[in-house]
Amino acid sequence: MDIDYLLIILPGIVFLGFLGLILVIWQYGDFRSKKEDEDDDKILSTMPSKNLYKTIPHYSSREEEEASILDKSMSEINIKETSANGTESLIILHLLAAEERPYAGYELVQTLSSAGFYYGAMNIFHYYEDQNEKSARLFSLASAVEPGTFDLTHIAEILAPGLCLFMSLKDKNALANFELMLETAQLLIQDLGGQLCDGQRQPLTDYVLTHYRSKLYSYA
326 MDIDYLLIIL
336 PGIVFLGFLG
346 LILVIWQYGD
356 FRSKKEDEDD
366 DKILSTMPSK
376 NLYKTIPHYS
386 SREEEEASIL
396 DKSMSEINIK
406 ETSANGTESL
416 IILHLLAAEE
426 RPYAGYELVQ
436 TLSSAGFYYG
446 AMNIFHYYED
456 QNEKSARLFS
466 LASAVEPGTF
476 DLTHIAEILA
486 PGLCLFMSLK
496 DKNALANFEL
506 MLETAQLLIQ
516 DLGGQLCDGQ
526 RQPLTDYVLT
536 HYRSKLYSYA
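Quick note: to get our numbering, add 325 to the position in the sequence shown (first position is 1).
In structure tokens form, the structure reads like this:
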């Protein structure tokens, strides 16, 4: 009788024990999960903000100086009404397209690239010494329409009624740089069409060229 009784209740005891073990394991696991979440929150709360991990670009003193000059140059170029003498620290040449044929899209970008320009800082084009982006910047080219930039992510939408070539009077070998900029502007006119003009968007004359060269001599 006792043996029969034990055989009846034994499976129930085993089942209850197994069930209890499962409950203990489940509660322990849930406790550990909550504790780990709390620990993770504590760790995250002590970490610096993501903004602190943003890369801060490092510039050499030459790059900083060039960036400052370029930024100032673009600000001067974007002034709608310049004085009769133009900007004081820049030599500027304009290329004005025919009204019915503005400088556009892929043809413009390909022509500038073939002429030796590189797209870069301030979202405009630059001409470098030795045709190398790591060498000194000699002069730059912007759109003649404010803000002067080119969006190469939408090349097909680029329409520029004019282009603006500019350089600093204070550049090293400024006179030689000007002659190269003038030669490059003339080549662009041959390839793209239009008219070469001075800083006031008037046809470039020998008198204006003489004036530009005189200014460059005085800074040499």
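Don't be surprised by glycine CBs; every beta carbon is placed ideally from N, CA and C.
Residue i classed as buried or exposed, judged by whether at least 16 other C-beta atoms fall within 10 angstroms
i    : result
L513 : buried
T478 : exposed
Y452 : buried
G519 : buried
Y431 : exposed
Y428 : buried
S493 : buried
R426 : exposed
T535 : exposed
A409 : With a pLDDT of only 38 at A409, under the threshold of 50, the placement of this residue in the model should not be trusted, and no figure is reported.
N457 : exposed
E361 : At E361 the pLDDT is 43, less than 50, meaning the model places this residue with poor confidence and gives no usable figure here.
Through-space distance from residue j to residue i, alpha-carbon basis
i    : j    : result
S588 : A499 : The shown model of the chain, from 326 to 545, leaves out residue 588, and the question about it has no answer.
Q525 : S460 : 30 Å
A485 : T530 : 23 Å
L437 : Y537 : 24 Å
L541 : D523 : 15 Å
Q435 : A510 : 15 Å
E424 : L517 : 13 Å
A481 : S543 : 43 Å
A467 : Y532 : 25 Å
F442 : P528 : 24 Å
A501 : Y444 : 22 Å
E508 : S439 : 14 Å
L415 : R462 : 14 Å
I483 : I417 : 22 Å
Selected residue, minimal CA-CA separation from residue i, among the options
i    : options                : result
D496 : F464, G518, F442       : F464
L521 : S414, V533, Y428, L421 : L421
V470 : L534, L490, D455       : L490
D455 : L505, Q515, S414, P528 : L505
G487 : H419, N502, L507       : H419
Q268 : I416, L433, L415       : Only positions 326 to 545 of the chain appear in this structure, which leaves residue 268 out of reach.
First through last residue of the beta strand (DSSP E) which encompasses residue i
i    : result
A467 : 462-468
L437 : That residue, L437, is in no beta strand (DSSP E); its alpha helix (DSSP H) goes 430-439.
Q520 : 520-522
S414 : Note, S414: premise wrong, no beta strand (DSSP E); not H, not E.
H451 : 450-453
M492 : 487-493
F442 : 442-444
For residue i, the first and last residue of its enclosing alpha helix (DSSP H)
i    : result
F503 : 499-517
S543 : 531-544
CB contact check: residue i to chain B, cutoff 9 Å
i    : result
L494 : In the displayed structure, chain B is absent; only one protein chain is listed.
>> Taking 8 Å as the cut-off, does the region 437-449 touch the region 464-474 (at least 3 CB pairs, one atom from each stretch)?
In response: Between the region 464-474 and the region 437-449 there are three or more C-beta pairs closer than 8 Å, enough to call the two in contact.
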